[in-house]
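If you're matching them up, the sequences are chains A and B in order. Going left to right, the first sequence walks through residues 1 to 155 as our numbering numbers them. Going left to right, the second sequence walks through residues 156 to 494 as our numbering numbers them. Down below is the structure, laid out as structure tokens.
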Amino acid sequence: MTGQSFRISAYGKYLSLVLLLSGGFFANAQDIPLTVVSNTKGAPSAMKMSELKSVLKGEKQRWSDGTKVHIALMKTTTPVGQGACQKIYNMSGDKVKRFWLELSFAGNADAPIFCNTVEELESFVSQNPGAIGIMDRASTSADTKTTEIDGKKFF
Amino acid sequence: MGKTSKAIFFPFILLAWLCSSTILFGQTTQIRGFVDAGVSVQKDKVSFGINEQDLFITSQLNDRFSFLGETVFKFTAGTPTNFSVSVERIVIKFNFAGNHNLLVGKHHTPVNYWNDTYHHGRVFFPTIFRPLLFDVNIIPLHTVGVSFRAQNLGNLKFGYDLMVGNGIGSTEVADNNKGKSITAAVHIKPVAGLRLGISWYSDVIAKGSVTHDNTLLKEQVKQNLFSGSATYFGKKFEFLAEGTLGYNKTDSLGARQTIASYVYAGYKIKEKVVPYVRLDQTHFQAGEMFYHNNNTTYYIGGIRYNINYLTAVKIEYQYQHAAIEGYGNKVSAQLAIGF
């Protein structure tokens, strides 16, 4: 094997590895199981997926008990955030950010809280009655509950 | 407790109830801004320009009250600095039940989709410029007053706006006549991306009022505007059509009819690239005295590249024909950002 062909071969392997890893990352972002965590006050214990989408698109200002809806999402650059963008909004992260900016700019909805970590999101939901958020694991906080979607804890 | 005591304490009880809304995460305030710059070629002359700088503030005061403010800094010839500050919106919103809200302040009059959605953030506009019916002041852009608004009610996602405010010719602090403008609008969103709406605007514009065109009215005008819009923004296809039928009635001339409309269509050839076309048209009945009687048609073709959700570049060709100015065309490019 000549030096040049060796380099090409090495680059090829490196490139394949990068593509494999990045492909795995994006696949994970879209296929990652998500769960809905809610404050004990406000959101129901079970919802349909269509209802969840409606709530997370800012179409509902208050829960049936009168508590204001507060939405918490992971930042769209995180795997959980990307998963939520795909599964809930069927949009890219950029589109979701634009979607919320347009809604709040028109005065039609309050923008969600975008969190850096799952712990931050869980803390926000536990401290704010009416809050609802999307995570990749069940919440451990006593002030939260899991809202089942179409009868399942994960979707 | 007597009736007098009840009357005295009622406002305090009401205030206590309003303020008892749990303050959950403290007051959250966000400040955003939008600005754009562009270049145009018209009559063999190239011109560079900056447009409005739009500062946008939202604040959630508690779980019932919120605030929205929009202030624009823009070029205004004749002022000491050649710039002026314009308060475009000050809206205090009180969410009194479910999706029903009471709004007080200076609003964008909810007569059609464009005026209610895009406002001054050019980065959101599907085209570089607003439709012709805005440029020639067919519709009242702003109203100072009070309104009831709800959205996303029921399966059809029904929404309504009912607004009472100072009419055309009044200022931000006082009306110039006893008559109030009334806006009533309804819309539905039966499927994702589709919105259908109609509205009615009515006002009695006093003699001596100055219109948006800086025209001094020589007699009172009774105005009724009927608007309709159909909007679809899907994964690939974008469509927006709006029209306004206006009746301006004066004692001396009777009623005159105006029709103004536009149709926009765009198609995403790639995720971020959208070629588009737009047709604008205004038609004034002979003898129209409130609007500037100048039948005009715009043909627009362009392409939009959304670099990201806060940055968009548009290039556009516009061919126009106006009854007074005749034919003309121009090429424009715009970089619009949000920050």
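All C-beta atoms in this analysis are idealised placements derived from N, C-alpha and C, irrespective of residue type, glycine included.
I need the straight-line Cα distance from residue i to residue j, nearest angstrom please.
i        : j        : result
A/Leu103 : B/Ser407 : 45 Å
B/Leu223 : B/Asp209 : 13 Å
B/Gly300 : B/Met318 : 7 Å
B/Lys390 : B/Tyr446 : 38 Å
B/Val227 : B/Asp435 : 26 Å
B/Asp191 : A/Lys48  : 42 Å
B/Ile492 : A/Ile88  : 27 Å
B/His438 : B/Lys198 : 26 Å
B/Ser384 : B/Val291 : 18 Å
B/Thr213 : B/Ala252 : 20 Å
A/Gly58  : B/His476 : 42 Å
A/Phe114 : B/Ser416 : 39 Å
A/Gly24  : B/Val259 : Legend: pLDDT at A/Gly24 = 46, less than 50; position of this residue unreliable, no value from coordinates given.
B/Ala410 : A/Lys97  : 47 Å
A/Asp150 : A/Gly133 : 16 Å
B/Ser175 : B/Gly309 : With a pLDDT of 44 at B/Ser175, under the threshold of 50, the modelled position of that residue is not reliable, and the figure given next carries that caveat. Each residue's alpha carbon lies about 29 Å from the other.
B/Leu216 : B/Phe249 : 10 Å
A/Ala109 : B/Gly442 : 44 Å
B/Glu426 : B/Phe313 : 30 Å
B/Arg433 : B/Ile245 : 31 Å
B/Leu325 : B/Asn403 : The sequence as given places Ser at residue 325 of chain B; Leu does not occur at that position. B/Ser325 and B/Asn403: Cα-Cα distance of roughly 18 Å.
B/Ala232 : B/Thr452 : 28 Å
B/Leu288 : B/Ala488 : 21 Å
B/His342 : A/Thr147 : 31 Å
B/Leu117 : B/Arg285 : Outside the displayed range of chain B (156 to 494) lies residue 117 of chain B, so it cannot be described from this structure.
B/Phe211 : A/Phe105 : 8 Å
A/Leu34  : B/Leu395 : 36 Å
Assign residue i to one of three DSSP states: helix, strand, or coil.
i        : result
B/Leu311 : coil
B/Ala491 : strand
A/Glu122 : helix
B/Trp269 : helix
A/Pro79  : helix
B/Arg277 : helix
B/Ala503 : The displayed coordinates of chain B run from 156 to 494. Any statement about residue 503 of chain B would go beyond what the structure contains.
B/Leu257 : strand
B/Phe284 : coil
B/Asp330 : coil
B/Gln375 : coil
B/Asp290 : helix
B/Gln208 : strand
B/Ile479 : coil
A/Gln127 : helix
B/Thr298 : strand
B/Glu426 : coil
B/Leu317 : strand
B/Asp191 : strand
B/Glu243 : strand
A/Gly107 : coil
B/Asp358 : strand
B/Phe545 : In the structure as shown, chain B begins at 156 and stops at 494. Residue 545 of chain B is therefore absent and cannot be evaluated.
B/Lys248 : strand
B/Tyr419 : strand
B/Ala340 : strand
B/Phe305 : In the sequence on display, residue 305 of chain B carries Ala and not Phe. Strand.
Taking C-beta to C-beta, are residue i and residue j nearer than 7 Å?
i        : j        : result
B/Ala340 : B/Asp316 : yes
A/Phe124 : A/Ala43  : no
B/Ala305 : B/Asn270 : no
B/Ile455 : B/Gln473 : yes
A/Thr67  : A/Gly130 : yes
A/Val80  : A/Asp136 : yes
B/Gly348 : B/Phe388 : yes
B/His275 : B/Glu207 : yes
B/Ile247 : B/Lys469 : no
B/Ile323 : B/Ile294 : no
B/Tyr464 : B/Pro281 : no
A/Val69  : A/Lys60  : yes
Inset, instruction - Identify each residue in the segment 244-272 of chain B for which the Cβ-Cβ distance to at least one residue of chain A is less than 9 Å, and report them in chain order. - result: Of all residues in the segment 244-272 of chain B, the ones placed with a Cβ closer than 9 Å to any Cβ belonging to chain A are Arg244, Val246, Lys248, Asn250, Ala252, Gly253, Asn254, His255, Asn256, Leu258, His262, His263, Asp271 and Thr272, in chain order.
Inset, instruction - Please list the residues of the segment 446-466 of chain B that have a C-beta atom closer than 9 Å to any C-beta atom in chain A, keeping them in chain order. - result: The segment 446-466 of chain B vs chain A, Cβ under 9 Å: Asn461, Asn463, Tyr464 and Leu465.
Inset, instruction - Run through the segment 24-105 of chain A for me and flag every whole beta strand (DSSP E) of 3 or more residues, listed as ranges in chain order. - result: As far as the segment 24-105 of chain A is concerned, its whole beta strand (DSSP E) runs of at least 3 residues are 35-39 and 70-74.
Inset, instruction - Compile a chain-ordered list of the residues in the segment 287-319 of chain B whose CB is closer than 8 Å to at least one CB of chain A. - result: So the list reads Gln306, Asn307 and Lys312, given in the order they occur along the chain.
Inset, instruction - Report the residues of the segment 81-106 of chain A with a CB closer than 8 Å to any CB of chain B, ordered along the chain. - result: So the close ones are Ser92, Asp94, Lys95, Lys97, Arg98, Leu101, Glu102, Ser104, Phe105 and Ala106.
Inset, instruction - With 9 Å as the limit, tell me which residues of the segment 27-46 of chain A have their beta carbon closer than that to any beta carbon of chain B; keep them in chain order. - result: Listed by position, the residues of the segment 27-46 of chain A near chain B (Cβ gap below 9 Å) amount to none.
Inset, instruction - Scan the segment 316-349 of chain B for residues whose Cβ lies nearer than 7 Å to a Cβ of chain A and list them as they occur along the chain. - result: Legend: CB atoms of the segment 316-349 of chain B lying less than 7 Å from CB atoms of chain A are not found in any residue.
Inset, instruction - Return the residues of the segment 192-220 of chain B that lie within a Cβ-Cβ distance of less than 7 Å from chain A, sorted by chain order. - result: Going along the segment 192-220 of chain B in chain order, one finds Phe211, Thr213, Gln215 and Asp218 with a Cβ nearer than 7 Å to chain A.
Inset, instruction - With 9 Å as the C-beta to C-beta threshold (strictly closer), list the residues of the segment 105-124 of chain A near chain B in chain order. - result: In summary, the residues of the segment 105-124 of chain A whose CB is separated from some CB of chain B by less than 9 Å are Phe105, Ala106, Gly107, Asn108, Ala109, Asp110, Ala111, Ile113 and Phe124, in the order they occur in the chain.
Legend entry - Residues of the segment 68-81 of chain A with Cβ closer than 9 Å to any Cβ of chain B, in chain order: Those would be Lys68 and His70, in chain order.
Inset, instruction - Closer than 9 Å, Cβ to Cβ, to anything on chain A: give me those residues from the segment 431-444 of chain B, in chain order. - result: Within the segment 431-444 of chain B, contact with chain A at the beta-carbon level (separation under 9 Å) is assigned to no residue.
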